[in-house]
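Written below as structure tokens is the structure these notes are about.
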Amino acid sequence: MLKTYVIWWHSKFIDEINMETITIAEIVEKTHKTIEHLKKLEKLESKGRIKVKSTGSLNPIYLEILDPSVESEVASNQLVEALVE
202 MLKTYVIWWH SKFIDEINME TITIAEIVEK THKTIEHLKK LEKLESKGRI KVKSTGSLNP
262 IYLEILDPSV ESEVASNQLV EALVE
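Position one of the sequence shown corresponds to residue 202 (the working numbering), numbered consecutively onward.
Structure, rendered in structure tokens:
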């Protein structure tokens, strides 16, 4: 069973903001939470453990795991979804 890890950028960032009662504060809060989860992935990327696959699109963002020991960490990140093929 092959797993592909992706981040559905709009679903995890834009679509989760309540559009009926939107405020700048809500946008800032959601952006901050999203960035915190991205920073965890950024650390793995800077250590050469994962990388973003170049697809020409940001939705979804495909992640390639270079170090199998971090797969569970990637899979448990709230922004990441595993597609099973």
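Every residue gets a Cβ at the ideal spot worked out from N, C-alpha and C, and that includes glycine. Keep in mind that this is a model prediction, so the values were computed, not measured.
If you draw a straight line from the Cα of V253 to the Cα of E230, it is about 25 angstroms long. In the three-state DSSP reduction, L259 falls in the coil class, being neither helix nor strand.
For E246, the CB contacts under 8 angstroms within the same chain, skipping 5 residues up- and downstream, are K252 and V253 in chain order.
Secondary structure note for K204: its beta strand (DSSP E) is the uninterrupted segment K204 to I208.
With respect to the 9 angstroms criterion, V271 and L203 are not classified as neighbours on the basis of their beta carbons.
Here DSSP, grouped into helix, strand and coil, assigns K254 to coil. For V229, the enclosing alpha helix (DSSP H) has its first and last residue at I225 to S247. Listed in chain order, the non-local C-beta contacts of V275 below 8 angstroms within the same chain comprise Y206, L242, L245, I251, L264, I266 and V281, local neighbours out to five positions each way being set aside.
Residue pairing for E265: DSSP places it in a beta bridge opposite K252.
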